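If you read the sequence shown in the numbering used here, its first letter stands for residue 534, the second for the next number, and so on.
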Amino acid sequence: MRPEIVVFEIEGISPLLQNNPAAFIGVEESVEMTMGKKKYDDAEEARLRLYMDPDGRYCHPAEAFIKAMVRAASGKKFGKTAATTAIKGSVFIAEPFALLLDENGEPATQYTIDKRPVVVGKARVPRCRPMWNKWRMRLALEVDTAILRPQAVLDVLMLAGRIIGVGDYRPEKGGGFGRFIARLAG
Numbered sequence: 534m535r536p537e538i539v540v541f542e543i544e545g546i547s548p549l550l551q552n553n554p555a556a557f558i559g560v561e562e563s564v565e566m567t568m569g570k571k572k573y574d575d576a577e578e579a580r581l582r583l584y585m586d587p588d589g590r591y592c593h594p595a596e597a598f599i600k601a602m603v604r605a606a607s608g609k610k611f612g613k614t615a616a617t618t619a620i621k622g623s624v625f626i627a628e629p630f631a632l633l634l635d636e637n638g639e640p641a642t643q644y645t646i647d648k649r650p651v652v653v654g655k656a657r658v659p660r661c662r663p664m665w666n667k668w669r670m671r672l673a674l675e676v677d678t679a680i681l682r683p684q685a686v687l688d689v690l691m692l693a694g695r696i697i698g699v700g701d702y703r704p705e706k707g708g709g710f711g712r713f714i715a716r717l718a719g
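Right, dumping it as structure tokens:
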């Protein structure tokens, strides 16, 4: 086993929608009941759906990229080994979160609020989520180079960025958000 930390530069080619369900665990909704209808605070709802690292910086779970790669590699092979098996056994997250960066490579500070109806149960309700129009990240992965070359991981990551995506309403889920390209960091 030859584990190596490989860093990939991820650049969004479509906006990224986030929806952090963990932020709602144990949080009571601050809504007013007006004639049976809920009144939402759009900015607060979007803020609660952000992913943030322990230092309060905006980020995205690195695990989402591994899951996207596994889904994208389904049905493919590396030699005689199923690509999904090779990825699951040789590519691991090196850091739990990938920091969202702005166009200058600094930690991102500005997002917009995307408000659109979603179906919850049988009801159509408005949902506000943070949206990053222009986004990039540096994704650190631990790769067992005895099994997969970094270029092979990059190829699968590029495929995942085109057909699976990350975040909410991504191509895999019928949307167009969260698509990306990747390159090896130099």
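Think of the CB as a built atom: it goes at the ideal place given N, C-alpha and C, for glycine as much as any other residue.
As the structure is a computational prediction, the values presented were derived from the model and not from experiment.
Euclidean distance between Cα positions of residue i and residue j
i: Pro683; j: Gly589; result: 31 Å
i: Glu675; j: Phe611; result: 18 Å
i: Gly719; j: Phe630; result: 20 Å
i: Ala606; j: Thr617; result: 6 Å
i: Met568; j: Glu705; result: Low per-residue confidence applies at Met568: pLDDT is 45, beneath 50, and the placement is therefore not dependable, though the value from the model is reported in the following sentence. About 38 Å.
i: Met602; j: Pro536; result: 18 Å
Run of the beta strand (DSSP E) containing residue i, from where it starts to where it stops
i: Ala685; result: Premise fails: Ala685 lies in the alpha helix (DSSP H), Pro683 to Ile696, not in any beta strand (DSSP E).
i: Phe713; result: Phe713 to Leu717
i: Gly545; result: Pro536 to Gly545
i: Thr738; result: What is shown of the chain runs 534 to 719, which leaves residue 738 out entirely.
i: Lys648; result: Thr645 to Val653
Assigned secondary structure, residue i (DSSP; H/G/I helix, E/B strand, else coil)
i: Pro663; result: strand
i: Ala555; result: helix
i: Pro487; result: There is simply no residue 487 to check, as the chain begins at 534 and stops at 719 in what is shown.
i: Val699; result: coil
Reference residue i, options the options, closest by Cα
i: Pro650; options: Gln643, Thr642, Pro640 and Arg662; result: Arg662
i: Lys667; options: Thr645, Pro536, Glu705 and Ala673; result: Thr645
i: Arg633; options: Ala641, Leu550 and Ala627; result: Residue identity check: residue 633 is Leu in the sequence provided, not Arg. Nearest option by C-alpha distance: Ala641.
message: Quick check for students: name the residue ranges of the alpha helix (DSSP H) that lie wholly in the stretch 569-642, counting only runs of 4 or more.
response: 575-581, 596-605 and 616-623
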